[in-house]
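Here's the structure, in structure tokens; my notes come after.
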Amino acid sequence: MRLVVGAALVDDLSAPRRLLAARRSAPPALAGKWELPGGKVEPGETPQEALHRELAEELGVVVRLGDEVVHPDGAWPLTPDLEMRVWFGVLVRGTPEPLQDHDELRWLERGSWAGVDWLPGDVPLVAAMERLARP
Ligand SMILES: Nc1nc2c([nH]c(=O)n2[C@H]2C[C@H](O)[C@@H](COP(=O)(O)OP(=O)(O)OP(=O)(O)O)O2)c(=O)[nH]1
47 MRLVVGAALV
57 DDLSAPRRLL
67 AARRSAPPAL
77 AGKWELPGGK
87 VEPGETPQEA
97 LHRELAEELG
107 VVVRLGDEVV
117 HPDGAWPLTP
127 DLEMRVWFGV
137 LVRGTPEPLQ
147 DHDELRWLER
157 GSWAGVDWLP
167 GDVPLVAAME
177 RLARP
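Here the sequence shown stands for residues 47 to 181, where the numbers follow our numbering.
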């Protein structure tokens, strides 16, 4: 099982209203679907190190990570071979740009977080995040 890490980048960790979604540009089977920025953890990296690396590569930003969006089994199942851990985060430096792997970024307002065509594994995750973010 390979671990993927993702960031739920929001405008405010204690009262999130806006969530950043990223539209994949590749591979063809995933292109056009929306996801959280992130990627696979490489050997020798902690999940958080991998997430900071991916966010720098993909979006050109530095972030501060907050709470994990915890799945009762430890990670969110994506496919038979992949599972994902997710942390909320806020921008510390830089403006997100679709530098790699994505062709569009979009800030979604609370109440509309489910309103893009997420990758299938992200659908229950986004629903859980919206519940956590409710004031
Ligand atoms: N980053 C990310 N990947 C997701 C999400 N949901 C989901 O099913 N995935 C899947 C898509 C991919 O099959 C896999 C992540 O792989 P990736 O291609 O982004 O990883 P990577 O940047 O490290 O790239 P590589 O080493 O495979 O070239 O996880 C999500 O919300 N964020």
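Even glycine gets a Cβ: it sits at the ideal position worked out from N, Cα and C.
Per the coordinates, the alpha-carbon of Gly-106 lies some 7 angstroms from the alpha-carbon of Gly-140. The region 172-181 and the region 144-153 do not touch, with fewer than 3 CB-CB distances between them shorter than 8 angstroms. For Ala-72, the three-state secondary structure derived from DSSP is coil. Distances between the C-beta of Pro-83 and the heavy atoms of ligand 1 include at least one below 7 angstroms. Trp-122 and Val-109 do not touch by the CB rule: their CB atoms are close to 19 angstroms apart, not below 8 angstroms. If you draw a straight line from the Cα of Leu-171 to the Cα of Ala-102, it comes to about 23 angstroms. By the Cβ-count criterion, Arg-48 is exposed, with fewer than 16 other Cβ atoms from all chains shown falling within 10 Å of its own Cβ. When the alpha-carbon of Pro-181 is set against those of Arg-64, Leu-55 and Val-51, the nearest one is in Arg-64. Beta-bridge analysis with DSSP links Met-130 to Val-50 and Trp-122.
If you draw a 10 Å sphere on the C-beta of Leu-82, you find 16 or more other C-beta atoms in it, and that means buried.
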